[in-house]
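To start, the structure under review is shown below, and the notes come after it.
There are 2 protein chains.
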Amino acid sequence: MDAERFRQEPIDLGPLPGLLGHLLRRAHTRMLLDFTESTAEFGITSGEFALLCLVEANPGITLGQLATAAALDKSTLSPAMQRLTERGLVERHAVPSDRRAQALRLSAEGMALLPPFKARVGEHEDRIAQPLDAAEREALLCLLRKLNGL
Amino acid sequence: MDAERFRQEPIDLGPLPGLLGHLLRRAHTRMLLDFTESTAEFGITSGEFALLCLVEANPGITLGQLATAAALDKSTLSPAMQRLTERGLVERHAVPSDRRAQALRLSAEGMALLPPFKARVGEHEDRIAQPLDAAEREALLCLLRKLNGL
DNA sequence: TATTGTTATACTCTATAACTATA
DNA sequence: TATAGTTATAGAGTATAACAATA
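Chains A and B, in that order, give the protein sequences. The numbering of the first sequence is the working numbering, which starts it at 1 and goes up by one. The numbering of the second sequence is the working numbering, which starts it at 151 and goes up by one.
Below, the structure is given as structure tokens:
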């Protein structure tokens, strides 16, 4: 990435500063890059982190339920959960009542990894949110939840 | 995508509703999908639309300046501008003072395309922003601009 | 027939690094 | 040496559609 990319320039941004889509793209891209740098040692992507959090909070959740919770298609989740399982962070258990389904749980390793990972993510979030004061930050979270129907 | 993906479920989202990164990903993904559907007939992606807007607002801008304005790497922009040029929407002119650089301008076709495209994008933005009232929507834009340093 | 999860395939967005031509 | 732009390559994130196994 070029050094000065996020600096202000005497360039007319036209309608872009009024477009939610553009502002979300910019913010999301920056977060993704910073997340990757911040958590490189863990070797887990931002998307995988969200899945680990959901499995932690809902032990025994199935892949389909996870898809709903994460707002992702099952075909997106399936390979992701496979990676996490191969990595030994998640376990897939049989569901007696439905042999098609699989109940997902964190492994001991997954449970041990999550707390330090969350701390790192917290630092990353704080860094990105730095331009906002506490009230603005909370207001932004609140508005984004509402936008997302959460 | 599964039908009920954005419905509320009795599933614990854990720390995710408090994470800017997660909320931005969800919102951005939805916008991207809706943008693509809304503007399918134009055959132009969301990223390309932003570039067209910037070239329109800054005729003669160079690729490097465009990279700064759009917060993208030049290696991301170069192929994108090539597509837009091949499509006949953007023209690349020589810069007498620097033969390495290229001055970008909308073609007549590009200028004709942008107004109806913008109208369509406006509808798309309104649809996504529907959960928010006017004040909330403006507040969200404002906070996102601040977060992005704009 | 309908659903759970997998797989094959494809598309968007983005970056790093090496390169060419020019400054 | 440094900069403008190109290209090769890679990786994250996502979806649709067709499929096998099970309900």
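Positions of the beta carbon are idealized from the N, C-alpha and C atoms, including for glycine. The model shown is predicted, which means the values in this text are computed figures rather than measured ones.
Enclosing alpha helix (DSSP H) for residue i [first to last residue]
i	result
residue 162 of chain B	Counting along the chain, residue 162 of chain B falls outside any alpha helix (DSSP H), and DSSP gives it neither H nor E.
residue 294 of chain B	284–297
Closest by C-alpha distance to residue i, when choosing among the options
i	options	result
residue 129 of chain A	B:160, B:170, B:166	B:170
residue 299 of chain B	A:12, A:11, A:27	A:27
residue 73 of chain A	A:35, A:14, A:47	A:47
residue 184 of chain B	B:295, B:276, B:262	B:276
residue 219 of chain B	B:186, B:231, B:201	B:201
residue 112 of chain A	A:76, A:56, A:123	A:56
residue 208 of chain B	B:168, B:274, B:240, B:179	B:240
residue 10 of chain A	B:244, B:288, B:181, B:211	B:211
residue 252 of chain B	B:259, B:191, B:214, B:194	B:214
residue 260 of chain B	B:289, B:204, B:162	B:204
residue 199 of chain B	A:133, A:36, A:15	A:15
residue 122 of chain A	A:135, A:25, A:39, A:94	A:39
residue 182 of chain B	A:22, A:137, A:76	A:22
residue 66 of chain A	A:104, A:93, A:97	A:104
residue 287 of chain B	A:13, A:12, A:17	A:17
residue 45 of chain A	A:80, A:132, A:30	A:80
residue 226 of chain B	A:29, A:76, A:93	A:29
residue 256 of chain B	B:243, B:282, B:191	B:243
residue 132 of chain A	B:290, B:264, B:228, B:193	B:290
residue 192 of chain B	B:249, B:264, B:284	B:264
is_contact[residue i, chain B] using C-beta, thresh 8 Å
i	result
residue 139 of chain A	yes
residue 65 of chain A	yes
residue 4 of chain A	For residue 4 of chain A, the predicted model reports a pLDDT of 40, less than 50, meaning its position is unreliable; a value from the coordinates is still stated below. Yes, because at least one Cβ of chain B sits closer than 8 Å to the Cβ of residue 4 of chain A.
residue 128 of chain A	yes
residue 21 of chain A	yes
residue 44 of chain A	no
residue 98 of chain A	no
residue 113 of chain A	no
residue 28 of chain A	yes
residue 136 of chain A	yes
residue 77 of chain A	no
residue 145 of chain A	yes
residue 132 of chain A	yes
residue 71 of chain A	yes
residue 18 of chain A	yes
Chain A contact for residue i (CB, 8 Å cutoff)
i	result
residue 181 of chain B	yes
residue 175 of chain B	yes
residue 209 of chain B	no
residue 242 of chain B	no
residue 198 of chain B	no
residue 230 of chain B	no
residue 164 of chain B	yes
residue 267 of chain B	no
residue 256 of chain B	no
residue 300 of chain B	yes
residue 191 of chain B	no
For a minimum of 4 consecutive residues, which ranges assigned as the alpha helix (DSSP H) are wholly contained in the region 214–279 of chain B?
224–236, 258–278
Going residue by residue through the region 20–47 of chain A, where are the continuous alpha helix (DSSP H) segments of at least 4 residues, counting only ones entirely within it?
20–38
Taking three-plus beta-carbon pairs below 8 Å as touching, is the region 81–99 of chain A in contact with the region 117–124 of chain A?
no
Contact between the region 137–145 of chain A and the region 56–70 of chain A is defined here as three or more beta-carbon pairs at a separation below 8 Å; is this criterion met?
no
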